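Participant: Structure incoming, see below.
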Amino acid sequence: MMALIVTGACGKKKPPVTRPPVSPPAATSTGGPRPAPPEPVHEPVPVPAEPMASDTLSSIDIDTLNRNSPFEPVFFALDQDDIDAAGQQSLNHNAELMKKYPTWIVTIEGHSDERGTAEYNLALGERRALAARNYLVSLGVPADHLRTVSYGKEFPFEPGHDEGSWSKNRRAHFVVTSK
Amino acid sequence: MMAASVALVVAGQGQPQSPVPEAPRQNDQIVLKIQGPPGLPPKYAVPDFIALTNDAETIAAAKTIGSVLWDDLNFEREFYLIPRDTYRSIPAATSVDHVPLDQWKQLGADGVIIGTVSKTPTGVTVQVRLIEVASGRTALGKEYSGTLKNPRLYAHTASDEIHLQQRGLKGVARTKLAFASDRDGERMKGPVAERGLSNIYMMDYDGANQQRVTITRSLDITPAWSPDARAIAYTSYRTGFQDIIVSYIYEGRYSNPTAGTSEKQNFLPAWSPDGTRLAFTSNRDGNSEIYVINRDGSGLRRLTNHPNIDVTPTWSPTGKQIAFTSDRTGSPQIWVMNDDGSEAHKITNESKCDRPTWSLSPNNEIAYASQTGAGFDIRLYDLASASSKTVTDGIGSNESPAFSPNGRHIAFTSTRAGKAQIFVIDRDGKNLQQITRIGMNRYPNWSQ
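Residue numbers (the numbering used here), protein chains in the order written: chain A, 311 to 489; chain B, 76 to 523.
What follows is the structure, given as structure tokens:
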């Protein structure tokens, strides 16, 4: 049982575990002393070490990839869609990554913090996503590998109601849509 | 205050673009209008309706109709509704023809509404009679038939007829609010954490009969009723990007006139007053601009052309102008242009403004959200005087205003009670009411 859980958790294919044959019901025998229960015989199942992966990013599934995203989000000042120096550095990194994985289609989500109005934020999020997209295209990333979508203030990353959260929620977030 | 709102309605009647329909003239009889004392609204009493058949369902319906009718009539502030607990002791009428008028007179009522409910082989018959207490004459007598599935609808119908006949006012008791809600707790996989999804819901204007409209496993927001209230247009993310869907909610079909793609996304639809066109926001030319399209998807026309944000259009009552939010002067403000995009000009000069909503009433005003301190308040811009006044009171953040079709009430989203809920307030800032309580509810829109 333990072995099965461990196998599931590390996500590697394993040979199928043979089910032990079902023992015949003991209650059918009448009289006489019950036979001693069968002695358990087993040995630990070895868990193979992770293979030396030359490229883990191309082998893991999209959800896992996006949860631990190799892309760096771009953060924005209040009501702004300008990409500052730190944002440019992040986009340079993201552009390199996209060139390394030329089959990836990436969606850039535009987000805002909760302080503005919902409708304007839909447009502001879009501006942020488009600003990030245009910068990536200027770095040579093919435009047809990039999608944008704005969620405005619909999906904050941090739930707090202070600048610590707001600054993380004003962002362009990168999601691999297909590989 | 009562007198002021009465005067407004009277003033509105002479204007040609008034959306208030003429009172129906079924015959040449002169309508008996029940008056109050000079300068005061007439006082109405609405006791429980009389159950003429003695089964539990009819008795319950009779109670419901009386109390909902009281609320409906109270909502427009055209009448002074005598509190119901003050006349529990007055014996119920045995029929609409046998009413203890002297006792109603003693209570100070100018009008009393007596109603009956009786079961029939096919459903139910509801009688409503508005009686002038002083004379005993019937000002309005109606008989309705139908099922007992939603007794509130008889009260709403009677209320609208009474407002129309007695005050020349288009009541809103049968209107509905569409909104976005996350109450069903549906979640979508997100790149970091799961995300709570909102879909479109609808309810009666008073919050009764809340029900779900869309089931898409994606985000649906910003609903907008078609003027005939048969369809709701909204922003949907069902394709992975923003596009406008028009759901024909009584027919189980939908259309997609904007035919968006990941490169041509569309959001925040607004119906023209005649229902033939949709104004909306799209990024199809590289940034947020305002467009208009025919309901069938033909005749796409771009109205704005500016590198800054132009978003969230709303139509004037005549359909000749469109107000929208633009940050082309550095901060989001409300702008107005003609429906061909010409003569765009800024009408607000405040900290930040958004979500203009043009009243369909003769008041000729635009409601919008305006930053007041840390949060937003609902404000009203009067086009005649080019001035604004604040409607809400600075508690919580208040945004996404939507006018009732008669222009007297505004539904909006507010965080004043915790997470965002839908509230309704009169345009003069009175009668604030919380309408939703389950989940988070936003983006109200009022049917006509």
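All C-beta atoms, glycine included, are put in the ideal place defined by N, C-alpha and C. Quick caveat, the model's predicted, so the values are computed rather than measured.
Which ranges does the beta strand (DSSP E) cover as unbroken runs of at least 3 residues, wholly within the stretch 395-445 of chain A, from first to last along the chain?
Facilitator: Correct list: 415-421.
Participant: As an exercise, report each continuous beta strand (DSSP E) stretch of at least 3 residues that is fully enclosed by the stretch 336-374 of chain B, in chain order.
Facilitator: Counting only runs of 3 or more, we get 341-346, 352-357 and 364-369.
Participant: On a Cα-Cα basis, can you pick out the residue from Gly265/B, Thr351/B, Phe254/B and Ser445/B that is closest to His483/A?
Facilitator: Locating residue 483/A in the first sequence gives position 173, where the first residue counts as 1. Minimum Cα distance to His483/A is reached at Gly265/B.
Participant: Using a Cβ-Cβ distance cut-off of 8 Å, determine whether Pro334/A contacts chain B.
Facilitator: Locating residue 334/A in the first sequence gives position 24, where the first residue counts as 1. At Pro334/A, the pLDDT of 47 sits below 50, so the modelled position is not reliable; the number obtained from the coordinates is stated separately. Output row for Pro334/A: interface = no.
Participant: Going by DSSP, what residue range makes up the alpha helix (DSSP H) through Gln178/B?
Facilitator: Here residue 178/B refers to the residue found at position 103 when the second sequence is read from its first residue. Note, Gln178/B: alpha helix (DSSP H), Leu176 to Leu182.
Participant: Look at Val171/B and Ile189/B and say whether their C-beta atoms are less than 8 Å apart.
Facilitator: Walking along the second sequence from the start, residue 171/B turns up at place 96. Walking along the second sequence from the start, residue 189/B turns up at place 114. Cβ atoms of Val171/B and Ile189/B: closer than 8 Å.
Participant: Using a Cβ-Cβ cut-off of 8 Å, state whether Ile384/B counts as contacting chain A.
Facilitator: Taking the second sequence and counting its residues from 1, the one referred to as residue 384/B is at position 309. True, the Cβ-Cβ gap to chain A drops below 8 Å.
Participant: Where does Arg72/B fall in DSSP's three states?
Facilitator: As shown, chain B starts at 76 and ends at 523. That puts residue 72/B outside it, with no answer to give.
Participant: From the DSSP output, in three-state form, read off Arg491/B for me.
Facilitator: Translated into positions along the second sequence, residue 491/B becomes position 416. Reduced to three states, the DSSP call for Arg491/B is coil.
Participant: Starting from the C-beta of Ser489/B, find all residues in its chain whose C-beta is less than 6 Å away, skip the five residues before and the five after it, and write them out in chain order.
Facilitator: As a position in the second sequence, residue 489/B is number 414, starting the count at 1. Around Ser489/B: Gly471, Asn473 and Phe498.
Participant: Counting contacts by CB-CB distance shorter than 8 Å, is Thr427/A in contact with chain B?
Facilitator: In the first sequence, residue 427/A corresponds to position 117, counting from 1. It does: the Cβ of Thr427/A has a partner Cβ on chain B nearer than 8 Å.
Participant: To which residues of the same chain is Ile165/B closer than 6 Å at the C-beta, ignoring the five residues directly before and after it?
Facilitator: On the second sequence, position 90 is the one that residue 165/B refers to. Only Gln178 meet the Cβ criterion.
Participant: In terms of residues, what are the limits of the alpha helix (DSSP H) holding Lys478/A?
Facilitator: Taking the first residue of the first sequence as position 1, residue 478/A is located at position 168. Here the alpha helix (DSSP H) through Lys478/A covers Glu473 to Asn479.
Participant: If you follow the beta strand (DSSP E) that Gly450/B is part of, which residue opens it and which one closes it?
Facilitator: What you label residue 450/B is simply residue 375 of the second sequence in a count that begins at 1. Gly450 to Asp457 is the extent of the beta strand (DSSP E) around Gly450/B.
Participant: On a Cα-Cα basis, can you pick out the residue from Asp391/A, Glu419/A and Pro350/A that is closest to Glu382/A?
Facilitator: For this step, residue 382/A is matched to residue 72 along the first sequence. Nearest of Asp391/A, Glu419/A and Pro350/A to Glu382/A, Cα basis: Glu419/A.
Participant: Let me check one thing: in DSSP terms, what residues is Thr458/A bridge-paired to?
Facilitator: Translated into the one-based positions of the first sequence, residue 458/A becomes position 148. For Thr458/A, which the question treats as bridged, DSSP gives the partners Ile418/A.
Participant: Does the distance from the CB of Leu144/B to the CB of Ala230/B come in under 8 Å?
Facilitator: Position 69 of the second sequence, counting from 1, holds the residue named residue 144/B. Position 155 of the second sequence, counting from 1, holds the residue named residue 230/B. It is a contact, given that the beta carbons lie within the stated cut-off.
Participant: Are the CB atoms of Asn341/B and Ile319/B within a distance shorter than 8 Å?
Facilitator: Locating residue 319/B in the second sequence gives position 244, where the first residue counts as 1. Locating residue 341/B in the second sequence gives position 266, where the first residue counts as 1. Taking 8 Å as the Cβ cut-off, Ile319/B and Asn341/B qualify as a contacting pair.
Participant: Quick check on Glu440/B: does DSSP put it in helix, strand or coil?
Facilitator: Locating residue 440/B in the second sequence gives position 365, where the first residue counts as 1. It is a strand residue.
Participant: Going by CA-CA distance only, name the one from Leu215/B, Val411/B, Ile453/B and Val203/B that's closest to Trp126/B.
Facilitator: By 1-based counting over the second sequence, the position of residue 126/B is 51. The amino acid at residue 126/B is misidentified as Trp; the sequence shows Ala. The shortest C-alpha separation from Ala126/B is found at Val203/B.
Participant: Which residues mark the beginning and the end of the alpha helix (DSSP H) in which Gly141/B is found?
Facilitator: Along the second sequence, read from residue 1 onward, the residue named residue 141/B stands at position 66. It spans Ala131 to Phe150 - the alpha helix (DSSP H) in which Gly141/B sits, taken as one unbroken run.
Participant: Helix, strand or coil, according to DSSP, for Asn516/B in the structure here?
Facilitator: Numbered from 1 along the second sequence, position 441 holds the residue referred to as residue 516/B. It is a strand residue.
Participant: Among Met515/B, Gly405/B, Ile485/B and Ile384/B, which has the Cα closest to the Cα of Leu434/A?
Facilitator: By 1-based counting over the first sequence, the position of residue 434/A is 124. Among Met515/B, Gly405/B, Ile485/B and Ile384/B, the Cα nearest to that of Leu434/A is on Ile384/B.
Participant: When burial is assigned at 16 or more other CB atoms within 10 Å of the CB, is Ser400/A buried or exposed?
Facilitator: The sequence position of residue 400/A within the first sequence is 90, counting from 1. So Ser400/A ends up on the buried side.
Participant: Is the Cβ-Cβ distance between Thr297/B and Tyr309/B less than 8 Å?
Facilitator: One-based indexing of the second sequence puts residue 297/B at position 222. One-based indexing of the second sequence puts residue 309/B at position 234. Yes. Within cutoff.
Participant: Determine, using beta carbons only, whether Leu367/A comes closer than 8 Å to chain B.
Facilitator: Against the first sequence, residue 367/A aligns to sequence position 57. No, Leu367/A does not count as interfacial toward chain B.
Participant: Would you call Ile393/A buried or exposed, if buried means 16 or more other Cβ atoms sit within 10 Å of its Cβ?
Facilitator: Counting from one through the first sequence, the residue named residue 393/A turns up at place 83. The residue is buried, with at least 16 neighbouring Cβ atoms inside 10 Å.
Participant: Residues of chain A with CB under 8 Å from Arg430/B, in chain order?
Facilitator: Locating residue 430/B in the second sequence gives position 355, counting from the first residue. Within 8 Å Cβ-Cβ: Thr427, Ala428, Glu429 and Tyr430.
Participant: Provide the residue span of the beta strand (DSSP E) that contains Leu205/B, from first to last.
Facilitator: One-based indexing of the second sequence puts residue 205/B at position 130. From DSSP, the beta strand (DSSP E) with Leu205/B extends over Gly198 to Glu207.
Participant: So which of Pro412/A, Leu367/A and Phe386/A has the shortest CA-CA distance to Asn378/A?
Facilitator: Taking the first residue of the first sequence as position 1, residue 378/A is located at position 68. Among Pro412/A, Leu367/A and Phe386/A, the Cα nearest to that of Asn378/A belongs to Leu367/A.
Participant: Using DSSP with H/G/I as helix, E/B as strand and the rest coil, what is Asp373/A?
Facilitator: As a position in the first sequence, residue 373/A is number 63, starting the count at 1. Reduced to three states, the DSSP call for Asp373/A is helix.
Participant: Closest to Glu338/B by C-alpha separation, out of Gln285/B, Pro344/B, Asn358/B and Arg377/B, would be which residue?
Facilitator: By one-based count along the second sequence, residue 338/B stands at place 263. Ranking the options by Cα distance to Glu338/B, first place goes to Asn358/B.
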